[in-house]
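To start, the structure under review is shown below, and the notes come after it.
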Amino acid sequence: MRSMLLCVPAAVVMCLSANAFAQDYPAANKTITFVLPYAAGGPTDKAARDLAQSMSKVLGGQSIVIDNAAGASGSIGANKVAKASPDGYTLLFTHIAQATLPSFFRNLPYNVEKDFEYIGLVSENPMNLIGRSNLPANNMAELIGWAKSHKGQINIANAGPGSASHLCGMLFQSTLKVDMTSVPYKGTAPAMTDLIGGQVDLMCDQTTTTIPQIEGKKVKSFAVTTPTRLSSPALKDMPTMQEAGLKDFTVTIWQGLYAPKGTPAPVLKKLNDALKVAVKDPEFIRKQEAGGASVINDPRNDPAGHKSFVMSEMAKWAPVIKAAGVYAD
Ligand code: ASP
């Protein structure tokens, strides 16, 4: 009876128009935008562009563009999507920062749990500790010795508090008990430029973007953050952090797609269906694996699995971040 009372004409009209909208979605003459909260040319940008290409194919050539809304550790782009119209045309592509920024920011202007629809996770990346090419250390043992004898004099670049590079660098410093000066950028692409130029000493970044620089001998590579060594030719001789004596040091970065809260369910289903086909696209898989990343093919490709994973990552990182006592406003 109660549900019949809700079925008033105005509600029926609304319901019909939402369905008609979803049937037409995505309209051929409209563009879907992936808001990417870091600078162009970085690893998150690369993963987003690869996914956009594969999803565009799945959606019959739909135009999908990347909007690099970088800054404030990725919170500017995430906030833009949290406040966007929930019509399926403005989506957020971001990484682990979705789970870590709430612990870093005293006043994050959006709520990770309540302001987004979760579409699906896409890929996972190992991180790689790298340094400027003229650093006076050639392996992890030498790097650890150099870091301990240069306390307070080392600069470590990152994409802001809570970013992947920051988490990895923060763990490196706390494990070594050496404080370094954190140098934040709008993404690790501009940070990489400065590392190559020798303006900063160290950086942790996803292997997707470190591999070409290691192959080009533009930076020195020291260790990877996976529990076992990686198979990619540029990194196969790299020790893991644990082999280098940094106990329990593993960091894996994951990427996923989000929509503003309130996006109609049929639109979300179309996006999730397209994402699940795209992550099986051999071309998408080849591009991720070439960068040492792996494509996710498990229940985290679905909204419920994606959301519960992000919530578990929030709970996992909160005490680590609290213990580090690093905050951003
Ligand atoms: N790699 C960056 C990070 O550290 C983000 C990026 O520029 O893709 O979070």
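Note that this note's numbering has the sequence shown beginning at 386, numbered continuously upward.
Ideal Cβ placement from N, Cα and C applies to all residues, glycine included.
Quick caveat: nothing in here was measured; it's all calculated off a predicted structure.
- Asn524 and Glu600 have their alpha carbons spaced roughly 16 Å apart.
- Pairing Ser548 with Ser470 gives a Cβ-Cβ distance that is not under 7 Å.
- In the displayed model, Met555 falls within a helix according to three-state DSSP.
- Residue pairing by DSSP places Ile541 opposite Ser567, Leu587 in a beta bridge.
- For the ligand ASP, no non-hydrogen atom lies closer than 6 Å to the CB of Thr592.
- Counting the other Cβ atoms within 10 Å of the Cβ of Gln673 gives 16 or more, which makes it buried.
- In the displayed model, Leu493 falls within coil according to three-state DSSP, outside both helix and strand.
- Sequence-distant Cβ neighbours of Gly583 in its own chain, meaning closer than 7 Å and more than five residues away, are Arg517, Asn519.
- For Gly545, the closest of Ile504, Phe489, Tyr495 by C-alpha to C-alpha distance is Phe489.
- In this structure, the alpha-carbon of Asp633 lies about 43 Å from that of Ser448.
- Rounded to the nearest angstrom, the gap between the Cα atoms of Ala412 and Tyr643 is 19 Å.
- With 5 Å as the limit between CB and the heavy atoms of the ligand ASP, the residues that fall short of it are Tyr423, Gly427, Pro428, Thr429, Ala544, Ser548, Ala549, Ser550, Gly572, Thr573.
- Distance from the Cα of Asp687 is smallest, within the candidate group Ala576, Asp714, Leu653, Pro667, for Leu653.
- For Trp639, DSSP records a beta bridge to Glu509.
- Within the model, the alpha-carbon separation for Ala482 versus Met623 is close to 26 Å.
- The continuous stretches of beta strand (DSSP E) do not include Thr573, which lies in the alpha helix (DSSP H) extending over residues 573-581.
- Beta-bridge partners of Tyr503 (DSSP): Tyr643.
- Beta-bridge analysis with DSSP links Arg517 to Val604.
- With contacts defined as CB atoms closer than 7 Å, Lys571 and Ala424 qualify as a contacting pair.
- By the Cβ rule, the stretch 581-597 counts as touching the stretch 529-546, because three or more pairs are nearer than 8 Å.
- For Val466, the CB contacts under 7 Å within the same chain, skipping 5 residues up- and downstream, are Val420, Thr475, Leu476, Leu477, Tyr643, Pro645 in chain order.
- Contiguous beta strand (DSSP E) elements confined to the stretch 400-462 occur at 417-421, 449-453, taking only those with 3 or more residues.
- Collapsing the DSSP output to three states places Ala678 in coil.
- In terms of Cβ geometry, Thr416 and Val450 form a close pair [threshold 7 Å].
- Counting along the chain, Phe694 sits inside the alpha helix (DSSP H) bounded by residues 688-709.
- The beta carbon of Asp430 sits closer than 8 Å to those of Leu421, Tyr423, Ala424, Ile451, Asn453, Gly572, Ala574, all from its chain and outside the five residues before and after it, given in chain order.
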